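Engineer: Dropping the structure in here first, questions after.
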Amino acid sequence: MAAALPLLLGALAACGYGSDKKSDDSDTSAPAAAAGGSATASKLSTDEVKIGYFPNLTHATALVGLKEGFFQQELGSTKIKEATFNAGPAEIEALNAGSIDIGWIGPSPAINGYTKSGGSNLKIIAGSASGGVKLVVNPAKIKTLADVKGKKIATPQLGNTQDVALLNWIKSQGWKVDAQSGKGDVSVVRTDNKITPDAYKNGSIDGAWVPEPTASKLVKEGAKVLLDESTLWPNKQFVITNVIVSQKFLSAHPDVVEAVLRGSVKTNAWIKANSDKAKADANAQLERLTQKALPADVLDPAWQSIQVLDDPLAATAKSEADHAVSAGLLKSPKLDGIYDLTLLNKVLKAQGQPAVDAAGLGAQ
Numbered sequence: 037m038a039a040a041l042p043l044l045l046g047a048l049a050a051c052g053y054g055s056d057k058k059s060d061d062s063d064t065s066a067p068a069a070a071a072g073g074s075a076t077a078s079k080l081s082t083d084e085v086k087i088g089y090f091p092n093l094t095h096a097t098a099l100v101g102l103k104e105g106f107f108q109q110e111l112g113s114t115k116i117k118e119a120t121f122n123a124g125p126a127e128i129e130a131l132n133a134g135s136i137d138i139g140w141i142g143p144s145p146a147i148n149g150y151t152k153s154g155g156s157n158l159k160i161i162a163g164s165a166s167g168g169v170k171l172v173v174n175p176a177k178i179k180t181l182a183d184v185k186g187k188k189i190a191t192p193q194l195g196n197t198q199d200v201a202l203l204n205w206i207k208s209q210g211w212k213v214d215a216q217s218g219k220g221d222v223s224v225v226r227t228d229n230k231i232t233p234d235a236y237k238n239g240s241i242d243g244a245w246v247p248e249p250t251a252s253k254l255v256k257e258g259a260k261v262l263l264d265e266s267t268l269w270p271n272k273q274f275v276i277t278n279v280i281v282s283q284k285f286l287s288a289h290p291d292v293v294e295a296v297l298r299g300s301v302k303t304n305a306w307i308k309a310n311s312d313k314a315k316a317d318a319n320a321q322l323e324r325l326t327q328k329a330l331p332a333d334v335l336d337p338a339w340q341s342i343q344v345l346d347d348p349l350a351a352t353a354k355s356e357a358d359h360a361v362s363a364g365l366l367k368s369p370k371l372d373g374i375y376d377l378t379l380l381n382k383v384l385k386a387q388g389q390p391a392v393d394a395a396g397l398g399a400q
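For what it's worth, the working numbering labels the leading residue of the sequence shown as 37, then goes sequentially.
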C-alpha cells in the first residue's frame, strides 16, 4: 500500500473522549432486569466475549445495550469483558492482538485495518449508526457555502472519515487542496476534537467538519451549522459506526457472534422506541467512562442528529473509500469480502425484518 495508508482513515479520532484503551473486568454476566425477557437458555461456545467501543454518542448501540442488559440477555452465562478506545487504530490493534473479539468502530479504520491485513483480520458484520456529522462555522466570517473558500476549517485527523468527507466536498466545489498538507483554496487544519472548541474560541479556526457531540459543543460557543453531511448522501444516510469481529473469533464462535448481533438489533429497536431513556442511558455511560456527562444543550441536538440502524450501509462505505482514493490519500483498496452479513440477516429474518445488502463486498 502507499506510504500514506497508515495515516489514512486513521482514528475516527472524532469518536473518542477518554483514554486510548480502558478495560472493564467487572462481571456483567447477570442480565439487567430493566431489559426484560430472558437470557439465552443454551450455553454458548465460550465463557467470555471481549467487546470494544468508544465512549461516544455514535456508539450508542454499545453504550445503551450494555447498560440495559440486552447483550447479556442474549449471551446468558457468557461473560462480557468491556474495553473502550478513543482511536480507531488502537481498537484495530486490540482486535489483531486478541484483546477484543467484537468492536464498534467507524468505517475508515475498519477499511484501513482490513486492507493492511490483506483481508485476513476482520469482518464488518452489522451497522450501528448513521449521520451525526456537520460543518459548523463562525457566522461572522462564513455566511454561505461559497464563503468557506479561503477559510480555516478543522477536521479531526489527516485521512479520518470526516477529513476525507471535507476533502471530497471541497473538490465538488471546484476548489483545490493538497490532501497531505491541507493547504489550498481552503486551509484544512487537523485538530483533535478535544481541543477543537478552544481552537474555535481563540480564532485559530473558522469552522470545523466534525461529528457529534463536537459539532454541538461548537454551536454552544456561537458557531452555526452550515451543512449537515447527511444531506449529501442518498436517503440522508451514511455509515458512521459499524460492528466488526475478528475472523478467528467468528470462525470459532459463530453462536456468540449471533447472540451479540441479536442484542444489537434489539438494542437499536429499543433506542428508537425509547429515545429519551436511551439518551439518558448513553449520557450516564459517558459519565461513567469519562467522568463527565454532556450538558443538555450539547446532548440534545447531538442525539437528535444520530440514527441507530442495523444496516451497515455498505454502499456508502465503498463511496467513502472511493473519496479517499480521489483525494489522493489511498490507492484503490481491495475490499472484496470485508462484509459478512450472514448472521445479521439470520437475526433480521427471525425478527421479520428484510435482509441488508453488502453492496457486492460480501464474504468470499
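The beta-carbon is built from N, C-alpha and C at its ideal position, and this holds for glycine as well. Since the model is a prediction, treat every value here as computed from it, not as a measurement.
Report the rounded CA-to-CA distance for residue 247 versus residue 123, giving the unit in angstroms.
Structural biologist: One C-alpha to the other measures close to 14 Å.
Engineer: Taking Cβ positions, are residue 281 and residue 159 nearer each other than 8 Å?
Structural biologist: Yes. Within cutoff.
Engineer: Taking the alpha helix (DSSP H) that residue 256 falls in, what are its first and last residues?
Structural biologist: Per DSSP, residue 256 belongs to the alpha helix (DSSP H) from 250-256.
Engineer: Between the C-alpha atoms of residue 272 and residue 250, what's the straight-line distance to the nearest angstrom?
Structural biologist: One C-alpha to the other measures close to 20 Å.
Engineer: Any idea what DSSP makes of residue 241, helix, strand or coil?
Structural biologist: Residue 241: coil per DSSP, three-state reduction.
Engineer: Could you say which of 258, 208, 316, 119 lies nearest to residue 330 if we only look at CA atoms?
Structural biologist: Residue 330 has its Cα closest to that of 316, out of 258, 208, 316, 119.
Engineer: Look at the alpha carbon of residue 147 and the alpha carbon of residue 268, and state the distance between them as a whole number of angstroms.
Structural biologist: Approximately 21 Å between the Cα atoms of the pair.
Engineer: Does DSSP classify residue 204 as helix, strand or coil?
Structural biologist: Three-state result, residue 204: helix.
Engineer: If residue 197 sits next to residue 144, beta carbons under 8 Å apart, how far is it from one beta carbon to the other, in whole angstroms?
Structural biologist: Sure, about 4 Å apart at Cβ, within 8 Å.
Engineer: If we call anything under 8 Å between Cβ atoms a contact, is residue 111 one with residue 295?
Structural biologist: A contact, by the Cβ cut-off of 8 Å.
Engineer: How should residue 83 be labelled, buried or exposed, when 16 other C-beta atoms within 10 angstroms of its C-beta is the threshold for buried?
Structural biologist: Residue 83 should be labelled exposed.
Engineer: My assumption, with CB atoms under 8 Å, is that residue 177 sits in contact with residue 187. Please give the rounded CB distance.
Structural biologist: Confirmed, about 6 Å.
Engineer: Spatial neighbours of residue 394 within its chain, please: C-beta separation below 7 Å, excluding the five flanking residues on both sides.
Structural biologist: So the list reads 350, 375, 377, once near-sequence residues are dropped.
Engineer: Less than 8 Å between the CB atoms is what I'm expecting for residue 338 and residue 240, so what's the real figure, rounded?
Structural biologist: Not confirmed; about 23 Å, so no contact.
Engineer: Would you check if the distance between the CB atom of residue 345 and the CB atom of residue 166 is smaller than 8 Å?
Structural biologist: Yes; because the gap between Cβ atoms is below 8 Å, this pair is in contact.
Engineer: Give the straight-line distance between the Cα atoms of residue 64 and residue 352, rounded to the nearest whole angstrom.
Structural biologist: With a pLDDT of only 42 at residue 64, under 50, the local geometry of the prediction cannot be trusted, and the value read off the model is given with reservation. Whole-angstrom Cα-Cα distance: 35 Å.
Engineer: Which value, in whole angstroms, describes the spacing of the CA atoms of residue 313 and residue 104?
Structural biologist: Cα to Cα, residue 313 sits roughly 10 Å from residue 104.
Engineer: If contacts are defined as beta-carbon pairs under 8 Å, then residue 200 and residue 363 qualify, I think. What distance do you get, rounded to the angstrom?
Structural biologist: Their Cβ separation, rounded to whole angstroms, is 6 Å, which keeps residue 200 and residue 363 in contact under 8 Å.
Engineer: What is the rounded straight-line gap between the Cα of residue 369 and the Cα of residue 358?
Structural biologist: Those two C-alpha atoms are separated by around 9 Å.
Engineer: So residue 100 and residue 307 are in contact, right, with Cβ under 8 Å, and what is the actual spacing, rounded?
Structural biologist: Confirmed, about 6 Å.
Engineer: Would you say residue 151 reaches chain D, if we count a Cβ-Cβ gap shorter than 8 Å as a contact?
Structural biologist: Among the chains of the structure shown, chain D does not appear; only one protein chain is present.
Engineer: Between residue 390 and residue 275, is the Cβ-Cβ spacing less than 8 Å?
Structural biologist: Not in contact: residue 390 and residue 275 (Cβ atoms no closer than 8 Å).
Engineer: What's the C-alpha gap between residue 340 and residue 298?
Structural biologist: For residue 340 and residue 298, the distance between alpha carbons rounds to 24 Å.
Engineer: According to the Cβ coordinates, are residue 81 and residue 292 closer than 8 Å?
Structural biologist: Against a cut-off of 8 Å, the Cβ pair of residue 292 and residue 81 comes out as a contact.
Engineer: Could you work out which residue in 387, 94, 106 is closest to residue 140 when comparing CA atoms only?
Structural biologist: For the residues 387, 94, 106, the minimum Cα distance to residue 140 belongs to 94.
Engineer: For residue 70, count neighbouring Cβ atoms within 10 angstroms of its own Cβ and tell me buried if that reaches 16, exposed if not.
Structural biologist: With a pLDDT of 38 at residue 70, under the threshold of 50, the modelled position of that residue is not reliable, and no figure is offered here.
Engineer: With the cut-off set at 8 Å, would you say residue 343 and residue 156 are in Cβ contact?
Structural biologist: For residue 343 and residue 156, no; Cβs fall outside 8 Å.
Engineer: Taking the alpha-carbon positions, what's the residue 76 to residue 286 distance?
Structural biologist: Note that residue 76 scores 45 on pLDDT, short of 50, meaning its location in the model is unreliable and no value can be drawn from it.
Engineer: Among residues of its own chain, excluding the 5 on either side of residue 380, which ones have a beta-carbon nearer than 7 Å to its beta-carbon?
Structural biologist: For residue 380, where only same-chain residues beyond five positions count, the Cβ hits under 7 Å are 161, 162, 297, 346, 392.
Engineer: Would you mind reading off the limits of the alpha helix (DSSP H) that contains residue 343?
Structural biologist: That residue, residue 343, is in no alpha helix (DSSP H); its beta strand (DSSP E) goes 342-344.
Engineer: Rounded to whole angstroms, what is the Cα-Cα separation between residue 98 and residue 194?
Structural biologist: In a straight line, the C-alpha of residue 98 is about 26 Å away from that of residue 194.
Engineer: Ends of the beta strand (DSSP E) at residue 383?
Structural biologist: First-last for residue 383: 378-386, but that is the alpha helix (DSSP H), not the beta strand (DSSP E).
Engineer: How about residue 128 and residue 87: do their beta carbons lie closer than 8 Å?
Structural biologist: Not in contact: residue 128 and residue 87 (Cβ atoms no closer than 8 Å).
Engineer: For residue 139, write down the residues that DSSP places opposite it in a beta bridge.
Structural biologist: Partner(s): 88, 280.
Engineer: For the putative contact between residue 126 and residue 318, defined by C-beta atoms under 8 Å, what is the C-beta separation to the nearest angstrom?
Structural biologist: Not quite, the Cβ-Cβ distance comes to about 21 Å (not below 8 Å), so this is no contact.
Engineer: If the criterion is Cβ atoms closer than 8 Å, does the pair residue 219 and residue 213 meet it?
Structural biologist: Yes; because the gap between Cβ atoms is below 8 Å, this pair is in contact.
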